[in-house]
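Engineer: Before we start, here is the structure in question, set down as structure tokens.
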Amino acid sequence: MIDELDRQLIIALQQGLPIVSRPYKEIGLQLDIPEQEVVSRLCRLKQLGLIKRLGVIVNHRQLGYKANAMVVFNVPDSLIKQIGEHVSQFNFVNLCYKRPRCGEQWPYNLYCMIHGKNKQKVLQQLDTLIESCGLVKFERDILFSRQCFKQRGAIYKTGSNVSKCDRNAIRFDKELSVEKSIL
Amino acid sequence: MLNTLQQKLLNDYQQDFPLSIRPYNDIAQALGVTEDEVLLAFEELSNEQFVTRIGAVIAPNKMGVSSLMAMAVPDDQLQQVAGIVSQYEEVNHNYERENRFNLWFVLITKDEQSLQQLITDIELKTGFKMLYLPLLADYFINLGFELDFDD
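So the sequences go chain by chain: X and F. The numbering used here applies: residue -13 is where the first sequence begins, and numbers increase by one. The numbering used here applies: residue 5 is where the second sequence begins, and numbers increase by one.
Here it is as structure tokens:
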């Protein structure tokens, strides 16, 4: 589906698109391919859905969004898709995922993230969400983030042993890997 | 703090940045300003760290395998355990959250087998079991993040 050059292109893009008049040309020079090929490959990777979005990646914290909540619900499996799609439509919701329950200690299967300017605002938004999506009857929990221990440094490996250093390791920046999104 | 042009650049170009020969010029034309103004505005946004970068967000599990993990660590051991976890190259986004399960992070490896191996290894090194919470479905449609500049 994707070749080595696509991979290299994605990696090159992790440094950020250069802020110059012809940025794709500059990336092409790094990879020794024509500007037009950079553009056409990126178009294709977007169409394939491998690139989920291409554009400005904002720094929420710096822009004043200091409260970050992961909200989890235990909803019936038969309703989760419908609820998940409904929840996703609120513009303060950043992500919405289904994940497996882990027994009694962790009964939740629906996750969404809300980034807000402060806790109060996030709690208000959560109330709106619960009311609008009919979630009041479902078990839930809200987990605000506290300290951040690590934000970047994920690596995809090509070797067989994950614990050892691999010469062919390809370094990815935080957002490529799966973005802050996944948390 | 941010001018109108900067606000528009932040909100309107998170998803479909132009894939054209002169993308900043296309943006400039759409917004009725010059290419230089757009370049300068992005420079400033980037210098002030309002923009992490202009780049691609890769769909989860399309390159490699990843999973969200959670651990319940006693408060007095949290720093130490978080330190051990952060040392792994395969760990991305390691956060403390307000819960009994207070340490949350993402593992990314090349395949499923490596992921399971890594989980075993981390549990052994830290002495704590983890919740394994891989993504089963992604319902999110609204890509990007709408910023509110009013307050």
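Backbone N, C-alpha and C fix where the C-beta goes; we use that ideal spot for every residue, glycine too. None of these values were measured; they are calculated from a predicted model.
Mapping the DSSP letters down to three states, classify X:C82 as helix, strand or coil.
Structural biologist: strand
Engineer: Given that a residue counts as buried once 16 or more other Cβ atoms are within 10 Å of its Cβ, and exposed if not, what is X:L34?
Structural biologist: exposed
Engineer: Report back the beta-carbon spacing between F:Q10 and F:A32 to the nearest angstrom; my notes put them in contact at under 8 Å.
Structural biologist: Rounded, the Cβ-Cβ distance is 13 Å, inconsistent with contact.
Engineer: Assign F:D142 to one of three DSSP states: helix, strand, or coil.
Structural biologist: strand
Engineer: Whose C-beta lies closer than 8 Å to the C-beta of X:I116 among residues of the same chain, with five residues either side of it excluded?
Structural biologist: V122 and R126
Engineer: Using only the alpha-carbon positions, how far apart do F:N98 and F:G36 sit?
Structural biologist: Approximately 42 Å, taken between the alpha carbons.
Engineer: Which residues in the same chain as F:K129 place their Cβ atom closer than 7 Å to its Cβ, once the five residues preceding and following it in sequence are excluded?
Structural biologist: I88
Engineer: On a Cα-Cα basis, can you pick out the residue from F:G68, F:N106, F:L139 and F:D115 that is closest to F:F132?
Structural biologist: F:N106
Engineer: Specify the secondary structure class of F:L137 as computed by DSSP and reduced to three states.
Structural biologist: strand
Engineer: Between the Cα of X:K84 and the Cα atoms of X:K52, X:Q1, X:V58 and X:M(-13), which residue gives the shortest distance?
Structural biologist: Among X:K52, X:Q1, X:V58 and X:M(-13), the Cα nearest to that of X:K84 belongs to X:V58.
Engineer: Where does X:V25 fall in DSSP's three states?
Structural biologist: helix
Engineer: Closer than 8 Å, CB to CB, is X:Y142 near chain F or not?
Structural biologist: Residue placement at X:Y142 is flagged as unreliable, the pLDDT there being 40, under the threshold of 50; the coordinate-derived value follows with that caveat. Interface residue, yes.
Engineer: At the level of alpha carbons, what is the spacing between F:D16 and X:L49?
Structural biologist: 16 Å
Engineer: Using beta carbons (cut-off 8 Å, strictly below), is X:L109 in contact with chain F?
Structural biologist: Contacts with chain F at 8 Å (Cβ-Cβ) do not include X:L109.
Engineer: What residues are listed by DSSP as bridge partners for X:A53?
Structural biologist: X:G102
Engineer: Going by DSSP, what residues sit across from X:K7 in a beta bridge?
Structural biologist: Per the sequence shown, the amino acid found at residue 7 of chain X is Ser instead of Lys. Note: X:S7 sits in no beta bridge, so no partner.
Engineer: Is it the case that the Cβ atoms of X:S7 and F:Y143 are separated by a distance below 8 Å?
Structural biologist: no
Engineer: Taking C-beta pairs closer than 9 Å, name the residues in chain F that X:E(-10) reaches, listed in chain order.
Structural biologist: The premise fails here: X:E(-10) is roughly 12 Å from chain F at the closest Cβ pair, so nothing lies under 9 Å.
Engineer: If we ignore side chains and look at the alpha-carbon of each, how far apart do F:L82 and X:Q91 end up?
Structural biologist: 20 Å
Engineer: Which of the three DSSP states, helix, strand or coil, is assigned to F:S24?
Structural biologist: coil
Engineer: Looking only at its own chain, which residues have a Cβ that is under 8 Å from the Cβ of F:L23, when we skip the five neighbours before and after it?
Structural biologist: Within its own chain, no residue has a Cβ closer than 8 Å to the Cβ of F:L23 once the five positions on either side in sequence are excluded.
Engineer: By the 7 Å beta-carbon criterion, what residues does the stretch 62 to 93 of chain F contribute toward chain X?
Structural biologist: Those would be I62, A63, P64, K66, M67, G68, S70, L72, A86, S90 and E93, in chain order.
Engineer: Name, in chain order, the residues that DSSP records as bridge partners for F:M75.
Structural biologist: F:L107
Engineer: Quick check on X:N45 - is its C-beta less than 8 Å from some C-beta in chain F?
Structural biologist: yes
Engineer: Does the contact criterion of 3 or more C-beta pairs under 8 Å hold for the stretch 68 to 77 of chain F versus the stretch 107 to 114 of chain F?
Structural biologist: yes
Engineer: What does X:K84 reach in chain F if we use C-beta pairs closer than 9 Å?
Structural biologist: L139, L140, A141, D142 and Y143
Engineer: On the premise that F:E102 lies in contact with X:L172, defined as a C-beta separation below 8 Å, what is that separation, rounded to the nearest angstrom?
Structural biologist: Past the boundaries of the shown model lies residue 172 of chain X; chain X is included only from -13 to 169, so the question cannot be answered.
Engineer: Measure the CB-CB distance between F:L14 and X:V79 and report whether it falls below 8 Å.
Structural biologist: no
Engineer: Give me, in chain order, the residues of the same chain whose beta-carbon lies closer than 8 Å to that of X:L40; leave out the 5 immediate sequence neighbours on both sides.
Structural biologist: L28 and K32
Engineer: Closer than 8 Å by beta-carbon distance: list the chain X residues that pair up with F:Q53, in chain order.
Structural biologist: N45 and Q48
Engineer: Please state whether DSSP places F:H97 in a helix, a strand or coil.
Structural biologist: strand
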